[in-house]
Amino acid sequence: MSHAAFIAIAVLTLAAALAAASLSKLIHAALCLALVFIGVAAFYFLLGAEFVGLVQVFVYVGAVAVLIVFTILLTRRESERPAPFKWGGAIVAVAVFVSLLWTILKTSTLPAVAPAVTPLTVKHIGDSLMTAYVWPLQCVGLILTAALIGSLVLVIEEKP
Amino acid sequence: MVHRFPSSKVSGGFLDQIFVWTKQQVLSVFTDAPEWVVQIVSSLINIAAVLGTFLTLFALISVLERKILGRIQNRYGPNRVGPFGLFQPVADGIKMLIKEDIVPFRADQVVHFLAPIMMVLPAILALGVIPYGRNMTAFAIDGGILFFFAVGSMTELAVFMAGWGSNNKFSMLGAMRAIAQMVSYELPLIITVLPVVMIVGSLSPDAIVAAQGGYAHGLVPRWFVFTPWGGAAFILFFISGLVESNRTPFDVPEGESEIVAGHMTEYSGFKYATFFMAEYFGMFAISGLAVTLFLGGWHAPIRFLEVVPSYVWFFAKLSALLFVFIWIRGTLPRTRVDQVMNFAWKFVLPMAFTCIISAAVWHYQAHGLAGWLGSFAVVAVVYLSLSYVLDTRKKFAPRVYRFAE
């Protein structure tokens, strides 16, 4: 059951990723990217990481995809023209792939039987966020607030 | 000081559990089948039940809305098809199905086609996590509330697809308006849910309903709407829900006097009906969540009425909220875009934060009378000072006409 689900999700996610990288219309590519995000969320669900999966949908599909789509909408004039092949992009992509592959190969093989993990509930996450990780949480909050104020400063109308 | 909520009874009467029992009878046919078959059949039964119930409710509410609006506007409403016009949805459905499906020549065909489907999908998914009665949650997961908002956030992408795919300036303007107000009101919508989650200590809708069981002093039900923070949060949640489902007075995305029908301008026939259905399903989902979070879910309001099955109570409360939706639509004029936005950021959001502080006061006074009064004071002080600060002190004088006297 879970094998079939894994294969189905993997095929769908990879196909969407391929489409996102190769479609000529930028909006189509962005929408396919949203599909990739949903596929990754489905993987989290399959692995039992319910919370991470939900946050993935929440943040990536609900916010990041909308942001990308709006960026394209507000900046592009002619989105139909096919872009010429760029060597810089290809080099970066290959470099990222090689470094990922290197990391994967370097990782020592995991034991075949997964160790028993207590199911991680939202309550546990909340507890550790408020005790062990309270300082990182506050720092992230500060950075996000600074970003929010910064964006406001950028767009605010100056009174003549 | 840890306050324990009384856990609700799991078992109910036969009439109360009749749907659960029926499902178990159907599943008992598959005792010899492998595990995954049983799982799939069980899911299919749940999906069929939710879809069937809400499609029926959709048909019913579409005619009732027109009836109620007619009553408010001093006319009859639909009364030709069937007794009291009750078969009107059937006629509407046939009309929508046989209408021509027009796709603009320069539209983005695929996106234009997928947008209505993407629109109705999150609404149906969100309906799955709401407990409709004792042991009657179609998709009971630990983070049900989070699931509700996660799938709800996909709606914005669907609205964008509709606006972009139509290749029409009115569609695009409507979609941008819709997304702007949805993003703005998603924040207060989620923040008003936070106090409930914090008090109950769980993101599971079933746990939240269970926490609202029982009666204070044996009389008043322990629904969160009867606490000061809960009452304020409920009103704010309801307002944000109105905006999220694009209902009057916040239906600027489809203001027909300015931008035709917003993102639905280029849709006709059954695709338009699908948008219509998505809007109503979204309304059902938001109202259902409001019932779950604040109005005690499927709990009865008075102890001796507990013999009435739990799902009857849930749908009675849901119908009451839907009636308020229709009532508001029949009563209030449409707001302006800037009014909607100012209201979100200057009033609704600070009040939503106040609800969290107010809930904390209530919680640390052991849910007693002192906590109730303190909590009420917090809400009242913030409400009064906000209304003082936001008051524009405009004097309203009778309008003076220069030429049309």
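In order, the protein sequences belong to chains L and U.
Mind the numbering: the first sequence is residues 1 to 160 in this note's numbering, read in order.
Mind the numbering: the second sequence is residues 1001 to 1405 in this note's numbering, read in order.
Ideal Cβ positions, reconstructed from N, Cα and C, are used throughout, including at glycine.
Quick caveat, the model's predicted, so the values are computed rather than measured.
| query | result |
| --- | --- |
| Name, please, each residue of chain L whose Cβ falls closer than 8 Å to the Cβ of residue 1151 (chain U). | 57 |
| Residue 1106 (chain U): which of U:1091, U:1161, U:1051 and U:1167 sits nearest, CA to CA? | U:1167 |
| Are residue 1249 (chain U) and residue 1334 (chain U) close, meaning C-beta to C-beta below 8 Å? | yes |
| Under 8 Å, Cβ to Cβ, is there at least one residue of chain U near residue 52 (chain L)? | no |
| Cutting at 7 Å between CB atoms, please list the residues of its own chain near residue 43 (chain L), excluding the five before and the five after it. | 9 |
| In terms of residues, what are the limits of the alpha helix (DSSP H) holding residue 1157 (chain U)? | 1155-1166 |
| Expressed to the nearest angstrom, what Euclidean distance is found between the alpha-carbon atoms of residue 1360 (chain U) and residue 1038 (chain U)? | 44 Å |
| Since residue 1189 (chain U) and residue 1237 (chain U) should fall inside the 8 Å C-beta cutoff, what is the C-beta to C-beta distance between them, to a whole number of angstroms? | 6 Å |
| Measure the C-alpha to C-alpha separation of residue 1386 (chain U) and residue 1347 (chain U) and round it to an integer number of angstroms. | 7 Å |
| With a cut-off of 8 Å on the beta carbons, I'd call residue 1155 (chain U) and residue 1119 (chain U) a contact; round off their distance for me. | 7 Å |
| Taking residue 37 (chain L) and residue 61 (chain L) to be in contact with their CB atoms under 8 Å, please state how far apart those CB atoms are, rounded to whole angstroms. | 5 Å |
| Does the pairing of the segment 1269-1279 of chain U with the segment 1098-1114 of chain U give three or more beta-carbon distances under 8 Å? | yes |
| What number of angstroms, rounded off, separates the C-alpha of residue 1353 (chain U) from the C-alpha of residue 1229 (chain U)? | 10 Å |
| Nearest by alpha-carbon distance to residue 1197 (chain U): which of U:1396, U:1294 and U:1063 is it? | U:1294 |
| In terms of alpha-carbon separation, which member of U:1034, U:1036, U:1114 and U:1085 lies closest to residue 35 (chain L)? | U:1114 |
| For a test of your reading of the model: does the CB of residue 1383 (chain U) fall under 7 Å from any non-hydrogen atom of the ligand FMN? Yes or no. | Absence of the ligand FMN is noted for the structure shown, with no ligands found whatsoever. |
| Please specify which runs of the alpha helix (DSSP H), each continuous and at least 4 residues long, are wholly inside the segment 1021-1083 of chain U, giving them in chain order. | 1035-1072 |
| I'd like to confirm the pairing. Which residues does DSSP put opposite residue 1137 (chain U) in its beta bridges? | U:1131 |
| Going by the CB atoms, is the gap between residue 1088 (chain U) and residue 1050 (chain U) shorter than 8 Å? | no |
| Give the DSSP bridge partners of residue 1216 (chain U), in chain order. | U:1220 |
| So, residue 1179 (chain U) versus residue 98 (chain L), is the Cβ gap smaller than 8 Å? | no |
| If residue 1283 (chain U) sits next to residue 1322 (chain U), beta carbons under 8 Å apart, how far is it from one beta carbon to the other, in whole angstroms? | 7 Å |
| Identify the continuous alpha helix (DSSP H) that holds residue 72 (chain L) and give its terminal residues. | 65-75 |
| Do the CB positions of residue 1141 (chain U) and residue 1151 (chain U) come within less than 8 Å of each other? | no |
| Using a threshold of 8 Å, state whether the C-beta atoms of residue 1263 (chain U) and residue 1171 (chain U) are closer than that. | yes |
| Candidates U:1031, U:1135, U:1124 and U:1072: which alpha carbon is nearest residue 1019 (chain U)'s? | U:1135 |
| Tell me the rounded alpha-carbon separation between residue 1041 (chain U) and residue 1024 (chain U). | 11 Å |
| Identify which residue in L:22, L:11 and L:4 has its Cα closest to the Cα of residue 90 (chain L). | L:22 |
| Give the residues from the segment 1129-1151 of chain U that approach chain L closer than 9 Å (Cβ to any Cβ), ordered along the chain. | 1141, 1142, 1143, 1146, 1147, 1149, 1150 and 1151 |
| Provide the residue span of the alpha helix (DSSP H) that contains residue 1185 (chain U), from first to last. | 1169-1200 |
| For residue 1313 (chain U), which of U:1292, U:1261 and U:1252 has the nearest alpha-carbon? | U:1292 |
| Of the residues U:1181, U:1109, U:1327 and U:1147, which one's Cα is nearest the Cα of residue 1267 (chain U)? | U:1109 |
| Does the beta carbon of residue 62 (chain L) come closer than 8 Å to any beta carbon on chain U? | yes |
| Run down chain L in chain order and give the residues with a C-beta less than 9 Å from the C-beta of residue 1164 (chain U). | 27, 69 and 73 |
| Taking C-beta pairs closer than 8 Å, name the residues in chain L that residue 1201 (chain U) reaches, listed in chain order. | 123 |
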